[in-house]
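Colleague:
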Amino acid sequence: MAGGSLLALIDDIASILDDVAAMSKVAAKKTASVLGDDLALNAQQVTGVKADRELPIVWAVAKGSMINKAILVPLALLISAFIPWAITPLLMIGGAYLCYEGFEKVAHKFMPGDHHEEEKPASAELKNEADAKKLEKEKVKGAVRTDFILSAEIIVISLGIVSSAPFLNQVTVMVLIAVAMTIGVYGLVGAIVKIDDAGLYLSKLNGESGMMNAVRAFGRGIVNLAPWLMKILSVVGTIAMFLVGGSIISHGLPFMHSLIEPLTHGHESWVNTLITGATDLVVGLVVGAAVLALVLLGKKMFGKK
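Residue numbers for the sequence shown follow this note's numbering, so the first one is 1146 and each next one is one higher.
1. Can the beta-carbon of Ala1434 be found less than 8 Å from the beta-carbon of Phe1248?
2. With distance defined between alpha-carbon atoms, name the residue in Leu1430, Ser1354, Lys1214, Ala1325 nearest to Met1386.
3. Which residue from Ser1354, Lys1286, Asn1358 puts its Cα closest to that of Leu1347?
4. Drop a sphere of 10 angstroms on the beta-carbon of Lys1444, count the other beta-carbons inside from all chains shown, and report buried for 16 or more, exposed for fewer.
5. Find out if the Cβ-Cβ distance for the pair Leu1236, Glu1298 is shorter than 8 Å.
6. Which one of Glu1283, Pro1219, Ile1224, Tyr1245 has the shortest CA to CA distance from Val1428?
7. Is Val1436 helix, strand or coil by DSSP?
8. What residues in its chain sit with their C-beta under 8 Å from that of Leu1200, if we drop five residues either side in the sequence?
9. Count the other C-beta atoms from every protein chain shown that fall within 10 angstroms of the C-beta of Leu1439, then say buried if there are 16 or more, exposed otherwise.
10. Go through its chain and collect everything with a Cβ distance to Thr1233's Cβ below 7 Å, but skip five positions before and after it.
11. Identify, in the order they occur along the chain, each residue of the same chain with its Cβ nearer than 8 Å to the Cβ of Glu1263, setting aside the five sequence neighbours on each side.
12. I'd like the list of long-range same chain contacts for Val1436, defined as Cβ closer than 7 Å, with 5 residues on each side in sequence excluded.
13. Assess, as a yes-or-no matter, whether the stretch 1212-1229 is touched by the stretch 1363-1376 under the definition of 3 or more beta carbon pairs within less than 8 Å.
14. Verify whether the separation of the beta carbon atoms of Leu1426 and Leu1388 is less than 8 Å.
15. Buried or exposed: where does Lys1284 fall if 16 or more other Cβ atoms within 10 Å of its Cβ makes it buried?
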């Protein structure tokens, strides 16, 4: 009888693990797009810092991301259990903040005026070590703040998938997704920011064979490509702010569904994806401009504080 109970317990555990694995797979697929945006946004955070400080900054942001998720997972479970109506408004506030950050970057590049503070030089150009450390802290703080919003979207997407599952399964899936996404994003970010060092190493290898010449040429190509890659990631990261923020806001406004549905009706899936993405981009730009205008108005009325 004891043996039968043990087998029943093992069978129950196996069923739970199967359910968790299936839900985790679905959640991973649903959050994959956010993973790409998160990657682009965080890779650009280390642009302009010394090479030997790139990985420490990535590690600091990764630790901040884990703290974000350690806060968000239980918070999401509590909100879902007691005030589920608050999830969408909170996400929309986060989405509006992403749009604001993205539009502020665009305004900083293309629009004259005092809408931004004086640009700080890259830490590689700073003679004062204290200033360099201060700049690093600001970069980490900004990256962790942005990560909080993207992590919130990942957690909420995962919560939506497991909302009807038993509580233990919900917790297990969300913790797995949180850990996997953090390792995936910041592992890739670390690899991207050190790709130029890898190219430099390959370009200096010794040897006179045709193979070694090809390897050195490949290394030089990587070194030449790395700055362009970081610039591209910076642009993609800014666009991602508009896409993610605009998507969050569009999903939170019921009338947006009725506006987008006629545009996507009867088209191929890839066309619908383009239309939806373009709509999210426009919404992100409009919201970002509106929030920046409110911030500037607030500064004029109440000062920078």
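A virtual CB, placed ideally from N, CA and C, is assigned to each residue, including glycine.
Modeller: Here's the rundown:
1. yes
2. Leu1430
3. Asn1358
4. exposed
5. yes
6. Tyr1245
7. helix
8. Gly1335, Val1338, Lys1339
9. exposed
10. Gly1397
11. With a pLDDT of 43 at Glu1263, under the threshold of 50, the modelled position of that residue is not reliable, and no figure is offered here.
12. Ala1241, Cys1244, Tyr1245
13. The stretch 1363-1376 vs the stretch 1212-1229: no contact.
14. yes
15. Lys1284 should be labelled buried.
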